[in-house]
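Number of protein chains: 2
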Amino acid sequence: MPPVERADAARNRAKILEAAERLFATRDPSGVTMDDIAKAAGVGRGTLYRRYPDRASIARALLDAHEHRIQEQLLRGEGPLGPEPAATPTERLSAFYSAMVDLLERHSHLLLGAETGPARLATGAYGFWRAHVRMLAAAAQAPDPDVLADHLLAPLAPELYRRHRDQGVSPERIEATLHHIAHRMLGGTEKFG
Amino acid sequence: MPPVERADAARNRAKILEAAERLFATRDPSGVTMDDIAKAAGVGRGTLYRRYPDRASIARALLDAHEHRIQEQLLRGEGPLGPEPAATPTERLSAFYSAMVDLLERHSHLLLGAETGPARLATGAYGFWRAHVRMLAAAAQAPDPDVLADHLLAPLAPELYRRHRDQGVSPERIEATLHHIAHRMLGGTEKFG
DNA sequence: CCTCAAGTGGACACGGCGTCCACTTGATAG
DNA sequence: CTATCAAGTGGACGCCGTGTCCACTTGAGG
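First to last, the sequence lines map onto chains C and S.
If you read the first sequence in our numbering, its first letter stands for residue 2, the second for the next number, and so on.
If you read the second sequence in our numbering, its first letter stands for residue 2, the second for the next number, and so on.
So, in structure tokens, the structure goes:
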């Protein structure tokens with residue numbers, strides 16, 4: 002007996018998510034209050050809190066679908082993103098960086114609305130990215146993959162991406178720099194001493 | 002006519018900084034309120050706000066001395082930290098990373114009390130570090146030093162350092178990984194392409 | 001000792017958060 | 001179609017941190 006969601010509940014959930022998406026895209030995400038969302042959705046505070054304990058959980062709900070798509074591709078997808086045997090760790094890290102730049106470009110407002118600062122590192126999604134990058138680092142025989150993985154993910158911090166973009170840096174430049182990092186950090190091990 | 006600070010004002014400023022330092026070190030820095038600091042310093046809210054508009058400015062005041070010391074060394078110091086002609090960009094970046102790990106280890110609570118998230122990137126101190134690293138990247142003929150500088154600084158985010166330390170990662174391991182990054186990213190250009 | 005600007009501290013209003021509970025709605029059984 | 005009642009709703013409420021304001025105190029200079 003899976004407790005089915007009642008019709009009015011489903012309707013309100015949709016209204017909430019739609020309103021939140023709009024607000025996050027419009028104003029500064031960290032300035033959006035729970036009250037704003039409730040008002041914009043035409044719903045009472047109690048209704049809002051029943052499902053989402055805070056702003057971050059709403060943003061996460063909106064992000065989940067997109068992040069899951071990337072995670073699927075990492076596990077099972079074709080091309081260098083997925084576990085294609087022919088692809089080198091360098092190529093796979095580059096592909097991962099590209100996918101993340103795409104995610105940041107499309108949804109940086111949600112990422113900023115979700116978690117900035119320490120909380121982001123505790124996210125399930127972050128754990129997934131770290132596990133993936135750690136695996137690539139280990140495959141490339143890099144030293145201390147556990148620590149290195151976090152350092153390789155650090156340039157993807159949403160606040161840094163947002164700042165770069167606001168200063169007129171193009172996504173392509175950011176992506177190119179990340180590819181450079183991927184090549185330098187995981188590629189050509191044999192050429193060093 | 003430099004408006005000299007009155008004796009009671011100076012006394013209170015000292016009490017405030019002392020109390021704040023203690024509170025930041027004890028509890029979670031982001032949980033310390035202005036009221037807590039005022040109470041701990043034995044001072045009214047108005048007195049506190051007269052000098053420091055928010056928690057971050059207090060933490061910055063406490064950090065200033067330490068950051069200035071490093072900045073001095075970068076500009077005029079001896080050894081690979083300073084502008085010694087014989088040192089390569091790789092060596093200088095490694096030395097910089099070491100100095101920052103030392104700063105993080107000693108004062109991560111202040112850094113967390115100061116600015117987490119986007120605000121940190123707008124700090125004067127951050128601008129200084131970026132200018133320095135950008136210069137080293139350019140000297141090493143790395144592509145797009147403007148963007149790369151930020152990416153090379155990203156692993157130094159206080160929240161990441163704190164998390165690593167809390168998970169039992171030693172400062173030495175972090176430092177070693179950063180040195181690895183310095184070598185990979187700025188060293189041995191001629192051995193590629 | 002007097003003056004007065006600098007400095008002090010606490011009362012206050014504001015706004016966001018999260019909870020609570022009396023009421024409404026819709027799914028199901030008879 | 002109606003009755004039942006748990007799930008769902010919404011807004012009022014209390015709490016807490018912020019930042020401001022202003023009547024009072026203090027100390028430096030004359």
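Note that CB positions come from ideal geometry on N, CA and C, so glycine has one too.
In this text the structure is predicted, and so the values were computed from the model without any measurement.
Between the C-alpha atoms of L187 of chain S and S58 of chain S there is a straight-line separation of about 35 Å.
Residue-level contact check: T178 of chain S touches chain C, since one or more beta carbons of chain C fall below 8 Å from its beta carbon. For L82 of chain S, the three-state secondary structure derived from DSSP is coil. Between the alpha carbons of H67 of chain C and E22 of chain S lies a distance of about 42 Å. By the Cβ rule, the segment 107-117 of chain S counts as touching the segment 25-40 of chain S, because three or more pairs are nearer than 8 Å.
Within chain C, the residues H152 and A155 have their CB atoms less than 7 Å from the CB of P156 of chain S, given in chain order.
Nearest in C-alpha terms to L76 of chain C, of all of C:A132, C:A41 and C:L63, is C:A132. Using a Cβ-Cβ cut-off of 7 Å, H181 of chain S is close to P144 of chain C, given in chain order. If you compare the alpha carbons of C:E106, C:F129 and C:A139 with that of L161 of chain C, the shortest gap goes to C:E106. Residue-level contact check: I175 of chain S touches chain C, since one or more beta carbons of chain C fall below 8 Å from its beta carbon. Here D145 of chain S carries a coil assignment [DSSP, helix/strand/coil]. Listed by position along chain C, the residues whose Cβ is nearer than 7 Å to that of V148 of chain S are H165, V170, R174, I175 and T178.
When the Cα atoms are used, Y50 of chain S and D9 of chain S turn out to be separated by approximately 16 Å. At the C-beta level, A41 of chain S and L24 of chain S come within 8 Å of one another.
By the C-beta criterion, the segment 120-132 of chain S is judged not to be in contact with the segment 165-174 of chain S, since fewer than 3 inter-stretch pairs fall below 8 Å. Burial of R93 of chain S is indicated by the presence of at least 16 other C-beta atoms within 10 angstroms of its C-beta. The beta-carbon of T117 of chain S is placed less than 8 Å from the nearest beta-carbon of chain C. The Cβ neighbour count for T91 of chain S, taken over all protein chains shown within 10 Å, is at least 16; the residue is labelled buried.
R14 of chain S and R56 of chain S do not touch by the CB rule: their CB atoms are close to 16 Å apart, not below 8 Å. By the beta-carbon neighbour count (other beta carbons within 10 angstroms, threshold 16), G118 of chain C is buried. Within its own chain, no residue has a Cβ closer than 6 Å to the Cβ of A155 of chain S once the five positions on either side in sequence are excluded. In this model, Q142 of chain C and R164 of chain C are separated by some 33 Å (Cα to Cα). Rounded to whole angstroms, the separation of the alpha carbons of F129 of chain S and V5 of chain S is 30 Å.
Counting along the chain, no alpha helix (DSSP H) covers P30 of chain S, and no H or E run does either. The C-beta distance from I71 of chain S to A39 of chain S rounds to 31 Å, too long to meet the 8 Å contact threshold. Using a CB distance cut-off of 8 Å, R185 of chain C counts as an interface residue toward chain S.
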